[in-house]
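Colleague:
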Amino acid sequence: MTLPASDAPRYRSTRAPGGDGVPFTRALRAGLAEDGGLYLPTHVPPLPGDWHEAGSLAELGARVLPNWIGDLPREEVERAARDALALEVPLVPLSDDRWVLELTHGPTLSFKDVGARTMARLLDAALRRDGGRATILVATSGDTGSAVADGFAGMERIDVVLLYPEGRVSPLQERQLTALREGVRALAVEGSFDDCQRLVKEAFRDPALAHLPLTSANSINVGRLLPQSLYYLWAARLLADARGVRPDEAGDLVVVVPSGNLGNLTAGLLAHAAGLPVGRFVAAHNANDFFPRFLGGRAEGYDFPATRPTLSNAMDVGAPSNFERLDALLGTDAARRVWGTSVDDADTLARMKTVWEEDGYVACPHTAVGLEGLARYRADAGAGAPAIALATAHPAKFPEVVARALPIAPPTHPALEGLAAGAERVERLEPTLASLREALLDGR
Ligand SMILES: *Cc1c(COP(=O)(O)O)cnc(C)c1O
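Note that the sequence shown covers residues 1017 to 1460 in the numbering used here.
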């Protein structure tokens, strides 16, 4: 057995900047720090010299991820990375100086597969070491639920319980959530998404459930954050290949991130801190515009507005939960590193159309928010550096929006067509803690 990396970071709360921190797997199992803050690494380990020679995202992960994790054996982390990250992540050219990194080829067709699959395998490794089980409890309205269900399904020591608002997710999303999976229960709550979130929070605080090994897998978990930083490196490597230069001599990039909870952007900033040459990140938000207003000096930190529903609904977040982490990471440097913009639904649909007409590319509404953000950034700052925009979901997940934007039949995807034929299982739940308690204690 190879020993863990001795110079790997520990994880400390954003509210205890001078603290010693805890080992990785404690941060992984806790989600939120005890003082209510978010975990950040005590230092950023340097990239291994050979990172840009990796031939796949999985191989890159196996080289880089163990340096971030000090308390699991190196080969366990390598195995988790090779298994979880065996996903196709192509860099698709749109024009001479714009590329799209497609994070849309995982089993549930959004970038959330990357973090969920890796977190599942790291948690499984921690449980095999420590003994015991975990029950992942998540409230979901969009891509997180299906990615978590798929990523954690079949793990011997892990159960998953998903709560979603009945009748308030699209039929396609509902089929993705309720597809029969080993160890996964889907609970359709007779209420709103806010009811689901409230129930999850209450369950975590409920003394009657304190003996259950409840764990959260939302985007503040370091187990999702760290693996997401890997595809930024992978993108830089692919771009260097495409342009015939060495990654470390490629000069600065512009990286565009369609953002909601700001987990994805935070992961990019970690990759940058580790040595990825990025000149500017573009944070492209929909009408939920707290962060762009903050960057422009037009919003006070932590004064969050209510959430507004939009066509790019996976980014409908009024109060981004990773803001505290990003703030701790960047401080007064935020506006120099990140350029932000807010794109409304009309401009999202217009950009979907332009990108289809000019570049022959069908973008999902979230990806279109990013591409509109890039166009605005270049209008402001000039073209110059090559740009990579993250494609965060496959357009086949949003047929209604595609049909509104483009004069073509929306694309389909075999992973979604297969769902219609597959078995489903769902339980109904009244929106009360008593009902959730009963469901959880009932067991499987
Ligand atoms: C979750 C999600 C986002 C937003 O990512 P954050 O990490 O929350 O900023 C963007 N696009 C899609 C398709 C998503 O599912």
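Backbone N, C-alpha and C define an ideal beta-carbon position, used for all residues, glycine too. Given the structure is predicted, the values throughout are model-derived calculations rather than measurements.
Beta carbon of residue 1105: closer than 8 angstroms to some heavy atom of ligand 1?
Modeller: no
Colleague: Would you report the Cα separation of residue 1303 and residue 1225, rounded to the nearest angstrom?
Modeller: 38 angstroms
Colleague: Select from 1238, 1269, 1130 and 1270 the residue whose C-alpha is nearest the C-alpha of residue 1038.
Modeller: 1238
Colleague: Buried or exposed: residue 1460, going by 16 or more other Cβ atoms within 10 Å of its Cβ?
Modeller: Low confidence applies to residue 1460: its pLDDT is 48, below 50, so where it sits in the model is not reliable enough to give any reading.
Colleague: Would residue 1301 and residue 1356 qualify as a contact pair, given that the criterion is a beta-carbon distance under 9 angstroms?
Modeller: At a Cβ-Cβ threshold of 9 angstroms, residue 1301 and residue 1356 count as neighbours.
Colleague: Rounded to whole angstroms, what is the Cα-Cα separation between residue 1379 and residue 1299?
Modeller: 17 angstroms
Colleague: Let's see if you can read the secondary structure: which residues bound the beta strand (DSSP E) around residue 1357?
Modeller: 1354-1358
Colleague: Does residue 1196 pass the burial test, meaning 16 or more other C-beta atoms within 10 Å, or should it be called exposed?
Modeller: Residue 1196 should be labelled exposed.
Colleague: So, for residue 1047: in the same chain, excluding its five sequence neighbours on each side, which residues have a beta-carbon less than 6 angstroms away from its beta-carbon?
Modeller: 1232 and 1237
Colleague: Whose C-alpha, out of 1136, 1349, 1162 and 1182, is nearest the C-alpha of residue 1285?
Modeller: Here the closest residue by C-alpha is 1349.
Colleague: For residue 1109, which residues in the same chain have their Cβ closer than 6 angstroms to its Cβ, ignoring the five residues on either side in sequence?
Modeller: 1115
Colleague: Given this structure, state the Cα-to-Cα distance separating residue 1404 from residue 1455, to the nearest angstrom.
Modeller: 45 angstroms
Colleague: Residue 1044 to residue 1183, Cα distance in whole Å?
Modeller: 32 angstroms
Colleague: Look at the alpha carbon of residue 1412 and the alpha carbon of residue 1419, and state the distance between them as a whole number of angstroms.
Modeller: 11 angstroms
Colleague: Return the chain-ordered ranges of every alpha helix (DSSP H) run that is complete within the region 1236-1269 and spans a minimum of 4 residues.
Modeller: The region 1236-1269 contains, as complete alpha helix (DSSP H) runs of 4+ residues, the segments 1238-1259 (chain order).
Colleague: How long is the line joining the alpha carbons of residue 1137 and residue 1172, rounded to whole angstroms?
Modeller: 11 angstroms
Colleague: Report the residue from 1030, 1458, 1341 and 1134 whose alpha carbon sits nearest the alpha carbon of residue 1281.
Modeller: 1341
Colleague: DSSP three-state label for residue 1126, please.
Modeller: strand
Colleague: CB residue 1359 to CB residue 1388, shorter than 9 angstroms?
Modeller: yes
Colleague: Assign residue 1424 to buried or exposed, taking buried as 16 or more other Cβ atoms, counted over all protein chains shown, within 10 Å of its Cβ.
Modeller: exposed
Colleague: What residue from 1212, 1354, 1097 and 1338 has the CA that sits closest to residue 1397's CA?
Modeller: 1354
Colleague: Hey, would you say the C-beta of residue 1335 is under 8 angstroms away from at least one heavy atom of ligand 1?
Modeller: Incorrect: residue 1335 has no Cβ contact closer than 8 angstroms to ligand 1.
Colleague: At which residues does the beta strand (DSSP E) containing residue 1112 begin and terminate?
Modeller: Taken as a continuous stretch (DSSP letters only), residue 1112 belongs to no beta strand (DSSP E), as it is neither H nor E.
Colleague: Going by DSSP, which residues form a beta bridge with residue 1175?
Modeller: 1151
Colleague: Look at the Cβ atom of residue 1297, then the Cβ atom of residue 1336, and state whether they are nearer than 9 angstroms.
Modeller: no
Colleague: Quick one: Cα of residue 1088 to Cα of residue 1320, how far?
Modeller: 38 angstroms
Colleague: Three or more C-beta pairs under 8 angstroms: does that hold for the region 1215-1224 against the region 1056-1073?
Modeller: no
Colleague: What does the Cβ neighbour count give for residue 1111, buried or exposed, with the cut at 16 atoms within 10 Å?
Modeller: exposed
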